[in-house]
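Residue numbers (our numbering), protein chains in the order written: chain B, 1145 to 1265; chain F, -18 to 397; chain U, 416 to 914.
Working notes for the structure below.
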Amino acid sequence: MSEVRKFKLTCIICPLGCNIEVIMEGDRIVRVTGCTCPRGEEYAVQEVMAPKRVVMSVVKVKGGMFPTVSVKTDKPVPKELIPEIMKELASVEVEAPVHIGQVIIENILGTGANIVATRPA
Amino acid sequence: MQNEYDVVVIGGGPAGLAAAIKSKELGLNVLLIENREFLGGIPIQCVHPGFGLHYFREDLTGTEFIHRILKKFLDMGIEYHTNAHVTEIIPHSYRHKILKVVTDKGILKLMAKAVIYATGARERHMFEIGITGHRVAGIYTAGEAQTMMDIYGIMPGKEIVIVGSGDVGLIMARRFTLEGAHVKAVIELMPYPGGLTRNIVQCLEDFGIPLYLSHAVTRVEGKKRVEKVIITKVDENLRPVPGTEEELECDTVVLAAGLVPYLKVIEKAGVIIDPATKGPVVNSYLETSVPGIFVAGNALVINDLVDYVVEQGEEAAMGAYEFVRNGGLPALRWRKLVKGRNVRLLVPHYVSDTKDVMIYARVKKPEENVKVRFPEIGKEIRLPFVKPSEMIRIKLRKTDIAKAGDKITMEVVPNE
Amino acid sequence: MKVVIVGAGVVGSSIARVLSQYEGLEIHLLEKNADAGMGVSKANTAIIHPGHEDDPDKYPLRAKLCVKGNRLWYQWTKELSIPAKWPGELMVAVEEEDMKVAEHYLELAQRNGVPGVRLVDHDELLQLEPNVNPNAAGALWAPTAGLMSSPMAAPALVENAVENGVRFHPETEVTGIKIEKGEVKGVETNRGFIEADLIINAAGLYADKISAMAGIDYFTIHPRKGEYYVFDDDAEPKVTRIVHQTPTPITKGVYVITEMNNGLMIGPTAQDLPEEAKEDTSTTKEGLEFVWEWAQKLVRELPPRNRVIRTFAGLRPEPPDGRWIIDAYDDPWGFINAAGIRSPGLTSAPAIAHYIVEELIQGKLDIKLTRKSHWNPYRRVFWFKTLPEEKQEELIKQNPAYGRVICMCRTITEGDILDIIGRMKKMGIRTISLDGIKMRSGVMSGTCQGSYCRIRLANIIARETGIPLWKVTQKGEGTEYGIGDIKVLLREEVKENAE
Ligand SMILES: Cc1cc2nc3c(=O)[nH]c(=O)nc-3n(C[C@H](O)[C@H](O)[C@H](O)COP(=O)(O)OP(=O)(O)OC[C@H]3O[C@@H](n4cnc5c(N)ncnc54)[C@H](O)[C@@H]3O)c2cc1C
Ligand SMILES: Cc1cc2nc3c(=O)[nH]c(=O)nc-3n(C[C@H](O)[C@H](O)[C@H](O)COP(=O)(O)OP(=O)(O)OC[C@H]3O[C@@H](n4cnc5c(N)ncnc54)[C@H](O)[C@@H]3O)c2cc1C
Ligand code: SF4
């Protein structure tokens, strides 16, 4: 028999902020309680199995209006990769002009997500 | 240079840009004045998402959000000045105001029929929140730290203590952590966090940043730069509890302790201020007590969502349009909006039954399962919860307003 | 003849200015901080006292030099463009029996020769100051009292002194004094040895240390803290006069004034600190509460507490018995003390300078000095905001920087700031700091306390001095605005992991 684990989390999908409990046996989710709607359940499962986040930061830019241009991942990436991604961004420097939406780094760390500019420079 | 305008908009943040766009769409002759060297206001320095969910039905970063609006503004060819500062607004006649504007191209003397004041808010600093101790390097307001990092690309510090757990404080905690700093704690005076649950989870819990509720930073110590802060527990009345002092070593203090509308120029023009919002008293056209001076965005009331700010900008533009077209707003019977149970602030202050009105309110304390009631007009709305940090936005229909006598009370009551 | 002055506070700077009127002197003004006037002279009540508070028997120098200093500042503030005003001072007798105390000070006024001082009754008091405590019995009225912008004083004095040939050495700390055969030879500093025939010690809180370096170590200076509140410039009600209370054995009382930026200011406390606490300018909850309590008794009403925009504290350099130590010595010959200059030191600084130059250097030490035929008493400064509109327009045409308002609270333009930076460079300042500009202009001291304008100011400094933005300092080394570029910590991590 595999180990039973309980996860308590707060749903962030809507402002209601339901307190959700997810019960797992081994790698299997056996029960999700506390959510008021299916979107919450979906979130809880995702959060427990493979949490993902959009990462946002700035990278240095040469010759722009400001010395930085703001960037983000164009889709959520696995949470545990955030520090690695930030380290990648630390060494990047781009040249102006940069347009909004421009890809700065393609498929960062093989996540399938691109780093894109969120401000022109 | 032309110096007569239907509307002069002061402030090039989301409220001002939206007001200028709407004014132009309504056919008014409009000029926008911005003090900084670039347009965009606060969102231009917000690299995080959470903008535009209502207005564009998309989750955008502040930078993306404002660039959509800016693009529209620039595409419409609206006249504007950056590096320009309004030093005086003098009500000239009922229908005209004279503005003195200092710009790097010279001094402008403008005649405007209507003025839309959208200068945003300033941040509360250490002296306003009663922090004592040494006045050393390493103390920043959140907005200043954000400008340093995300516009000018410099790092304020390494070991960070953040004062205030509103969304601004939480977002800055994550921002610092991502760039490699160590956020030691977020300190919150109230017994509950100030920001959205989503931000508590994604900005603090994701990184294991401790949140101290019912605590205050009471003192900063250091010789040249911050070396530590003293934090103290506070009781139910928010007064420090002696003997609960604790030291936190850090080199940086970031103050995210709230915003205050910044209104020097229109206060001198005679605008009356509401002590609760610290913004002007306005009617449902967002006109202040000085006819023809309208106000929107954080200069009106501190908003947590940029979407509402834009909405207010547009509303003020429609008010200005009425004013310009008719040489003043119509003579109306105004109903006063009155704060009832658990309502801390409420705008606008006066409404009339000429149009539907969006009202914005904040509660005094969090409550679950409540009703928002307007007894005079028999309107009730159920809400699963209310929090001081989340603005309540409700539309009052003109037909409802027409039912009231000279006042309409808003109250938040338990839902039995 | 070579003269070294240690310390560019208001005292040392005044001495430099007076000495610069004489020929044949090589004058070096040494200051350990990045700028002049960053010590005691920056944080005080800024009153130009009339001179009726010191008993001439107990404190002869204080009594004499204060009255003279009051008169001199009237002229000096104009010559140097230091903002000043002359609202007069009311020593309020809150209770009927306090009138006796007031009478005592009237007597001192007569003995010290302070013009215009007289007692006023309850009714006249209220006419002179509508916001005074309406139950007060009366007051002693001293019409010659003034207020100045004290942070601007030392920088203005030094600028003018440099204009007249004085060499200013900021970031230069005196670490020793060389004496040979009973005569001073020069000072050791972190930047090397500087020769001197005369050494004048005006080192404020550290004057005991400098004096000891010359072997005169019979006294110590201990700090006495004074804390203040400042309100926003539109917070009402204010006061028209300088208002304080008849002194009691416990306290000399708290002042209520409307300072030069037009905000109400209340304070100070008087708390004795141990000798080692010479850098402890921290505010305290207790101190500030004391100020509030006492100020409340003085006036009808204070503005609401949420209109406070700043709290601060200063340290008075207290000599052992309250007496200023101003003297020239035979052993070592050439050493002069201007030590323990506690209140009213700001007021008296010009008179102290004249006293040292005329009575000690020329008198006691019998050194003959001749006045220069040409000496420029003026330092002309203008502020964009105070000019008539045509002038403003003209300035912007010449230099568009005058059209860029950097400080919205006090309407200070980039042009004003560039002018200040130019002056700072000219007077020999190595580190153009944020506080240096603040002292000279009032930027960052308004409603926003820098939350709007500090970044803009820092950007200007970085551009004008060619340093990275993060290296701009608040007030010299160790007070940098940032710690590096935005990626500095991440790069460090990458490096650490690689190692
Ligand atoms: C750190 C932080 C995070 C935020 N996160 C979110 C979020 O996730 N989602 C969201 O919806 N909202 C967020 N907000 C809120 C949102 O940014 C504000 O509500 C919005 O920017 C207010 O717009 P505004 O136009 O009223 O003021 P501002 O954006 O402040 O713009 C005011 C403009 O007026 C100019 N100005 C001021 N005085 C003068 C003058 N005298 N003359 C000329 N110009 C002047 C200023 O330079 C500025 O450009 C956040 C705010 C902050 C500070
Ligand atoms: C709370 C308070 C209120 C006051 N109110 C008034 C008032 O209203 N009216 C009034 O007339 N007076 C007032 N005073 C008194 C007045 O401020 C002082 O008397 C005056 O500023 C002293 O000036 P100073 O030049 O001696 O000292 P400082 O300004 O401290 O100058 C000494 C300088 O020497 C430098 N220094 C020290 N050691 C060295 C070294 N080793 N090498 C090189 N440089 C060194 C320091 O850095 C400093 O800049 C007040 C004082 C305080 C604290
Ligand atoms: S579970 Fe549904 S209702 Fe509850 S917070 Fe999540 S999204 Fe909202």
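All C-beta atoms in this analysis are idealised placements derived from N, C-alpha and C, irrespective of residue type, glycine included.
Item, Value
"Closer than 8 Å to a non-hydrogen atom of ligand 2 - does that hold for the CB of Pro662 of chain U?", "no"
"From Ile636 of chain U to Glu694 of chain U, what does the alpha carbon distance come to, in whole angstroms?", "13 Å"
"Compare the beta carbon distance of Trp885 of chain U and Met136 of chain F with 9 Å and say whether it is the shorter of the two.", "yes"
"Which same chain residues, not among the five before or five after Thr726 of chain U, have their C-beta less than 8 Å away from its C-beta?", "Glu642, Tyr643, Tyr644, Val645, Thr698 and Leu703"
"Please report how far the alpha carbon of Glu512 of chain U lies from the alpha carbon of Thr762 of chain U, in whole angstroms.", "30 Å"
"Curious, which full-length beta strand (DSSP E) runs of at least 3 residues does the region 431 to 514 of chain U contain?", "441 to 445 and 504 to 508"
"At the level of alpha carbons, what is the spacing between Ala166 of chain F and Ile672 of chain U?", "40 Å"
"Taking C-beta to C-beta, are Ala65 of chain F and Val83 of chain F nearer than 9 Å?", "yes"
"Residues of chain B with CB closer than 7 Å to the CB of Arg906 of chain U, please, in chain order.", "Ala1234"
"Please confirm if Lys902 of chain U has its CB atom under 9 Å from at least one CB of chain B.", "yes"
"If you follow the beta strand (DSSP E) that Val535 of chain U is part of, which residue opens it and which one closes it?", "Arg533 to Asp536"
"May I have the straight-line CA-CA distance separating Gly749 of chain U from Val599 of chain U, to the nearest angstrom?", "6 Å"
"What in chain D is Cβ-close to Gly134 of chain F, meaning under 8 Å?", "This model lacks chain D altogether; the protein chains it does include are B, F and U."
"Should Gly1161 of chain B be counted as a contact of ligand 3 given a C-beta to heavy atom distance under 8 Å?", "yes"
"My parser needs the alpha helix (DSSP H) runs of 4 or more residues fully inside the region 1150 to 1213 of chain B; what are they?", "1182 to 1193"
"Ignoring anything shorter than 4 residues, give me the alpha helix (DSSP H) runs that lie fully in the region 188 to 257 of chain F, in order along the chain.", "245 to 249"
"Taking the alpha-carbon positions, what's the Ala802 of chain U to Asp834 of chain U distance?", "Correcting the residue type first, residue 802 of chain U is Leu in the shown sequence and not Ala. So the alpha carbons of these two residues sit roughly 15 Å apart."
"Could you confirm whether any beta carbon from chain B is found closer than 9 Å to the beta carbon of Gln183 of chain F?", "yes"
"Would a check of beta-carbon distances place Gly1184 of chain B closer than 9 Å to chain F?", "no"
"What residue from F:Pro369, F:Arg378 and F:Leu20 has the CA that sits closest to Gly176 of chain F's CA?", "F:Pro369"
"Under 7 Å Cβ-Cβ, which residues of chain F neighbour Phe797 of chain U?", "Correct list: empty, because the minimum Cβ distance to chain F is about 15 Å."
"Kindly indicate which residue of U:Lys902, U:Ile870 and U:Glu911 has the alpha-carbon position closest to the one of Glu895 of chain U.", "U:Ile870"
"Is the number of C-beta pairs between the region 19 to 33 of chain F and the region 1201 to 1219 of chain B that are closer than 8 Å three or more?", "yes"
"Whether or not the region 295 to 312 of chain F and the region 122 to 133 of chain F are in contact is what I'm after, with contact meaning three or more pairs of Cβ atoms, one per stretch, closer than 8 Å; do they touch?", "no"
"Which residues, taken in chain order from the region 38 to 54 of chain F, show a beta carbon closer than 7 Å to some beta carbon of chain B?", "Thr42, Thr44, Glu45 and His48"
"DSSP three-state call for Asp850 of chain U: helix, strand or coil?", "helix"
"Measure from the C-beta of Lys700 of chain U to each C-beta in chain F and report whether the shortest distance is under 9 Å.", "yes"
"With Met563 of chain U as the anchor, note down where its beta strand (DSSP E) starts and where it stops.", "Gly561 to Met563"
"Consult DSSP for Met1230 of chain B and reduce its assignment to one of helix, strand or coil.", "helix"
"Taking C-alpha atoms, which residue in F:Leu(-2), F:Pro30 and F:Leu34 lies nearest to Val1198 of chain B?", "F:Pro30"
"Can you pull out the residues from the region 57 to 85 of chain F whose beta carbon lies closer than 9 Å to at least one beta carbon of chain U?", "Asn64, Ala65, His66, Thr68, Lys81, Val83, Thr84 and Asp85"
"When the Cα atoms are used, what is the spatial distance from Ile836 of chain U to Gly897 of chain U?", "21 Å"
"Three or more beta-carbon pairs under 8 Å between the region 850 to 857 of chain U and the region 109 to 124 of chain F, yes or no?", "no"
"For Val1174 of chain B, does the count of other Cβ atoms within 10 angstroms reach 16, so buried, or fall short, so exposed?", "exposed"
"Can you pull the DSSP bridge partners for Leu13 of chain F?", "F:Val(-10) and F:Tyr61"
"Taking only beta carbons into account, state which residues of the region 283 to 311 of chain F come closer than 7 Å to chain B, listed in chain order.", "none"
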